[in-house]
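Participant: Following my numbering, the numbering of the sequence shown begins with -17 at its first residue and continues without gaps.
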Amino acid sequence: MALKTLDIIARKLVERPAVLASERAAGAKVVGFQGYTLPEEVILALGLIPVRIGLGGSDRLVELGGRYISTKNCVYVRETVGLFADNTDPYIVNGDLFAFDATCLQAYRTAEVIQYYFNNGVIILGVPRNFYLPEAHTYFTAELSNFVGKLEAFSGVTLTPERLADAIKVYDDIRTEILAIYDYQAVLNPVISWEQVYDVIQAGFVLDRREYLDLLRALHAELRALQGEPVVGRHADEARLFISGSVIPPGDKKLITIIQEQGGRIVGDDLWTGLIPHLGVVIAEPTLEALAYAYLHRTPHGALPYLDLETDGRIKRLKSLIQHYQANGVVYHTLRYCDPYTFKAKETKDILEKFGVPLLELHTEYAGSDIEAIRTRIEAFIEMIKVKAELGEAA
Ligand code: SF4
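(1) Check the DSSP bridge columns for D83 and list the partner residues they point to.
(2) Taking the alpha-carbon of L37 as reference, which of W254, E354, A355, R199 has the nearest alpha-carbon?
(3) Who are the Cβ neighbours of R192 in its own chain at under 7 Å, not counting the five residues just before and after it?
(4) Expressed to the nearest angstrom, what Euclidean distance is found between the alpha-carbon atoms of A371 and V169?
(5) If H283 and T19 are in contact, beta carbons under 8 Å, what's the gap, nearest whole angstrom?
(6) Near A376, which residues of its chain fall below 7 Å by C-beta distance, leaving aside the five closest residues on each side in sequence?
(7) Have a look at G14, A(-16), K(-14), L373 and flag the residue whose alpha-carbon is nearest the alpha-carbon of D190.
(8) Quick test of your reading: I240 and H315, contact by CB under 8 Å. State the CB separation rounded to the nearest angstrom.
(9) Answer with buried or exposed for S226, where buried requires no fewer than 16 other C-beta atoms within 10 angstroms of its C-beta.
(10) Short of 6 Å in beta carbon distance, which residues of its chain neighbour E343, apart from the five on each side in sequence? Order them along the chain.
(11) So what's F113 in DSSP terms, helix, strand or just coil?
(12) Here's a check: name, in chain order, each residue in its chain whose Cβ is nearer than 6 Å to the Cβ of A93, leaving out the five neighbours to either side.
(13) Once the 5 residues before and after E204 are set aside, which same chain residues still bring their CB inside 8 Å of it?
(14) Comparing alpha-carbon positions, which option in C56, I74, E125 lies nearest F100?
(15) For G245, which three-state DSSP category applies?
(16) Quick one: using the 10 Å Cβ neighbour count with 16 as the cut-off for buried, is D378 buried or exposed?
(17) DSSP has P32 in a bridge; who is on the other side?
(18) Considering only the beta carbon of each residue, do V249 and Y164 sit closer than 7 Å?
(19) Measuring CA to CA, which of Y180, I174, G246 is closest to P212?
(20) In whole angstroms, give me the CA-to-CA distance for G186 and T158.
(21) Given a cut-off of 7 Å on the beta-carbon distance, is the pair G64 and A84 in contact?
(22) At which residues does the alpha helix (DSSP H) containing L261 begin and terminate?
(23) Near A147, which residues of its chain fall below 6 Å by C-beta distance, leaving aside the five closest residues on each side in sequence?
(24) Count the other C-beta atoms from every protein chain shown that fall within 10 angstroms of the C-beta of Y98, then say buried if there are 16 or more, exposed otherwise.
(25) Cα-Cα, which of D78, R91, G233 is closest to Y50?
(26) Starting from the C-beta of G48, find all residues in its chain whose C-beta is less than 6 Å away, skip the five residues before and the five after it, and write them out in chain order.
(27) Can you tell me where the beta strand (DSSP E) holding F224 begins and where it ends?
(28) Mind checking whether the beta-carbon of V63 lies closer than 6 Å to any heavy atom of the ligand SF4?
(29) Just curious, the beta strand (DSSP E) that G379 is in, first and last residue?
(30) Can you say whether A221 is buried or exposed, counting buried as having 16 or more other CB atoms within 10 angstroms of its CB?
(31) Near the ligand SF4, which residues have their beta-carbon closer than 6 Å to a heavy atom?
(32) So, is D219 buried or exposed, given that buried needs 16 or more other C-beta atoms within 10 angstroms?
(33) Go through its chain and collect everything with a Cβ distance to T281's Cβ below 8 Å, but skip five positions before and after it.
(34) Which of the three DSSP states, helix, strand or coil, is assigned to V313?
(35) Is E343 helix, strand or coil by DSSP?
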């Protein structure tokens, strides 16, 4: 069944580059950004247009980017640099300033490279490594204050509590709607797939945030009218897969397509480009201190080191999402040279095995040369999960 709001979102995405260009012609400024711990709220609050940049899946752009940044960086980083070298992506072409955070140090390096080679205006937000310590909050608040000062100078606007409160409300509402919509893909006979919800989340990277919120509300209402309140449930023989690991940005459909072709049903993710940034953001008041605290206390990104597995918020969140979406297997995907997630693969696998959930680790990049090998491994994994599910042994 076709969902009307999905068609509208698809059309808005096609129209967005021209809309952005005309807004810029009328004096608006666009801030392209990339990062996990970067509170987008401050960009919107200053009257700037936030656009999350970055694509995946293009070997050509990875090769192009590799001429400017070491090929020992992940393909996502290299493709991002390739986007700047290529200079045809509408969100790069229409960017007036680019903001990065230092959650992943490879992404931080991207910022330096694009500033050096392509003369783009770049600002960087420092992120503490020991994010769980009180000192980290002090440091990150100071970093955020410095970052906002640069945005204020760029926009000519001062950040007031009223402006910040308005922006926080928009993002809080977006997060609420995304979480509600996400449940619908995990019900017994869904009218929306995980892939469609994932695409909706990524549409929010570039669409006008207030218009995007209206579209989410319309989609939520459409889903509620068709299916009532969502109740997550599973068929006995289903291979319900959860995707974890490195980023899967717009344009990278390789893994998703293979899983679906092999009869796996994706029902959840904890990806940087998926659900996880929208979870657990509790901003107590419209101040930079509160914003800094909320972003440091979300689910930690894999690039932030945390040594105690019993209290690691990333693992806790992963387990609770697997349970909530009733997944019976995890595909843990790492991009070549994505050290943060590659180093965490073994510990994640060990913990989930104790939890009764098998994990398949796949190491890949954007070239098509490993498609057959990945297909074979996913096929065998799905078969194993289905047999376990039929025998009633799955978690
Ligand atoms: S976390 Fe991994 S995939 Fe993401 S930017 Fe860093 S190295 Fe690349």
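Think of the CB as a built atom: it goes at the ideal place given N, C-alpha and C, for glycine as much as any other residue.
Predicted model only: the values in this text are computed from it and were never measured.
Facilitator: Here's the rundown:
(1) L107
(2) W254
(3) V152
(4) 17 Å
(5) 7 Å
(6) Below a pLDDT of 50, predicted positions are generally treated as unreliable, and A376, at 43, falls in that range; no measurement from the model is reported.
(7) G14
(8) With 8 Å as the limit, I240 and H315 do not qualify as a contact, their Cβ atoms being about 11 Å apart.
(9) buried
(10) Y314, A327
(11) coil
(12) F82, V104, I106
(13) L(-15), K(-14), T(-13)
(14) I74
(15) coil
(16) Nothing can be reported for residue 378, as the shown portion of the chain is limited to -17 through 377.
(17) V13
(18) no
(19) I174
(20) 14 Å
(21) no
(22) Run containing L261: none; DSSP gives neither H nor E here.
(23) P268
(24) exposed
(25) R91
(26) R60
(27) 222 to 227
(28) no
(29) No statement about residue 379 is possible, as the shown extent of the chain runs from -17 to 377 and does not include it.
(30) buried
(31) C56, Y58, V59, C86, Q88, A89, S228, V229, A285, L317, C320, P322, Y323
(32) exposed
(33) D252, I258, L261, G262, G295, R296, R299
(34) strand
(35) strand
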